[in-house]
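Participant:
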Amino acid sequence: MTTSLEPPAVLDLGRLLEHTTRGLAYADERDGDRSIENVLLSRTDSETSYRRTAMEQLLCGLCSELPERTADGVLWLLPLPTGAPDDPRWDGWPEGVRTTEPPVCLQHATPPRAGVGHRVFYAAEAELVGVHGTLHPAPGVLAAPVDRMLRFDDPRMHWMLAHSYVRQLHRLTPANGQGRTR
Ligand SMILES: [Zn+2]
Numbered sequence: 001m002t003t004s005l006e007p008p009a010v011l012d013l014g015r016l017l018e019h020t021t022r023g024l025a026y027a028d029e030r031d032g033d034r035s036i037e038n039v040l041l042s043r044t045d046s047e048t049s050y051r052r053t054a055m056e057q058l059l060c061g062l063c064s065e066l067p068e069r070t071a072d073g074v075l076w077l078l079p080l081p082t083g084a085p086d087d088p089r090w091d092g093w094p095e096g097v098r099t100t101e102p103p104v105c106l107q108h109a110t111p112p113r114a115g116v117g118h119r120v121f122y123a124a125e126a127e128l129v130g131v132h133g134t135l136h137p138a139p140g141v142l143a144a145p146v147d148r149m150l151r152f153d154d155p156r157m158h159w160m161l162a163h164s165y166v167r168q169l170h171r172l173t174p175a176n177g178q179g180r181t182r
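Residue numbers (full-length UniProt numbering): 1 to 182.
1) Between alanine 9 and glycine 130, what straight-line distance do the alpha-carbon atoms span, to the nearest angstrom?
2) Which two residues bound the contiguous beta strand (DSSP E) that contains alanine 25?
3) Mark aspartate 68 as exposed unless 16 or more other C-beta atoms lie within 10 angstroms of its C-beta, in which case mark it buried.
4) Tell me whether residue 212, by its Cβ, gets closer than 7 Å to a heavy atom of ligand 1.
5) Please say whether methionine 149 and arginine 98 have beta carbons closer to each other than 8 Å?
6) Hey, out of Leu62, Thr21 and Asp91, whose CA is closest to glutamine 107's CA?
7) How big is the Cα-Cα spacing for glycine 140 and alanine 162?
8) Rounded to whole angstroms, what is the Cα-Cα separation between glutamine 168 and serine 35?
9) Just to check, is the beta-carbon of valine 74 closer than 7 Å to a non-hydrogen atom of ligand 1?
10) Sorted by chain position, which residues of the same chain lie with C-beta nearer than 7 Å to alanine 54's C-beta, five sequence neighbours on each side aside?
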């Protein structure tokens, strides 16, 4: 066999990214390039960057206000599952749903298209469980980067370039019938 088992020292991931012994990194890494869990974050537009901040700090995803909060928890506007393989429908939805969408204030709890494909819920638990982003293959693995959600404890996290934070919502209460959230 003539195939080398040595992985290339640097893969073509664009000029900002290079493989190191620890995983993906920016050649010129700076403050703000890593998440609180040390995951590499994509350098992105200000809107995506703000949504990450809103998700991390629990702010409304559409303004910088605090989200609506009651005894039932924090308000979320959730898209219905599409039924696609990566977004299946299930009995009991949305209990346990994982979302990249930050919570919302009352003013922004209105679905983008009146009542179509969204529901409004309060979540009593909203744990930050991981990230969604582009998972790159480890050195020596011949595969294309793929879109993935990974939990923070996933060993592949070293090869992840994260675009969004993911929270998992539990103990959900429908907000329908509570006036302005309809
Ligand atoms: Zn808002």
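C-beta atoms are modelled at their ideal positions from N, C-alpha and C, and glycine is treated no differently.
Facilitator: In short:
1) Its pLDDT being 44, under 50, alanine 9 is placed unreliably in this model, and the value from its coordinates should be taken loosely. One C-alpha to the other measures close to 28 Å.
2) Its beta strand (DSSP E) spans residues 23-26.
3) Checking the sequence, you will find glutamate at residue 68 rather than aspartate. It counts as buried.
4) As shown, the chain starts at 1 and ends at 182. That puts residue 212 outside it, with no answer to give.
5) One thing to note: arginine 98 has its Cβ within 8 Å of the Cβ of methionine 149.
6) Per the C-alpha coordinates, the member of Leu62, Thr21 and Asp91 positioned closest to glutamine 107 is Leu62.
7) Spanning the two alpha carbons is a distance of roughly 21 Å.
8) Taking the straight line from one Cα to the other gives about 17 Å.
9) Short note on valine 74: C-beta not closer than 7 Å to any heavy atom of ligand 1.
10) For alanine 54, where only same-chain residues beyond five positions count, the Cβ hits under 7 Å are Cys60, Gly61 and Pro102.
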